[in-house]
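What follows is a single structure, written as structure tokens, with notes after it.
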Amino acid sequence: MDTGNKLIIAITGASGSIYSKILLEKLSLLETQWEEIGVVMSQNAKQVWETELGNKDYEKIPFRQY
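Take a look at the structure:
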């Protein structure tokens, strides 16, 4: 749906990867509420995600990644 709403989500290397994961999951369920979502994720964020969550699911994020 073309709502005109565009979001950029920036994920840093600070702890709390679970919150990023939950936010991205919830946004994917609300696809009628946004037109486009982009995710900027630092290398440190990927490292912290792997350490805290024990996986590389950030590779499966259903949004454009920068």
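Quick note: the sequence shown, position 31, residue 140 per the working numbering, numbers continuous. Quick reminder that beta carbons are idealized off the backbone N, C-alpha and C, glycines included. Everything numeric in this text was worked out from a predicted model, so none of it was measured.
Expected contact under 8 Å - CB spacing of residue i and residue j to nearest Å
i	j	result
Gln156	Gly122	7 Å
Ile146	Leu136	6 Å
N- and C-terminal bounds of the alpha helix (DSSP H) containing residue i
i	result
Leu132	Ser126 to Leu138
Ala101	Any property of residue 101 remains undetermined from this structure, which presents the chain solely from 110 to 175.
Thr160	Gln152 to Leu162
Paired residues, beta bridge with residue i - DSSP
i	result
Ile146	Leu116
Beta-carbon proximity list for residue i, same chain, < 8 Å, skipping 5 on both sides
i	result
Asp166	Lys130 and Trp158
Contact set for residue i: own chain, Cβ-Cβ below 7 Å, skip 5 residues either direction
i	result
Ile170	Leu133 and Val148
Ala119	Val149
Thr112	Gln142, Trp143 and Glu144
Member of the options whose CA lies at the smallest distance from the CA of residue i
i	options	result
Asn114	Glu140, Asn153, Ala154 and Lys135	Glu140
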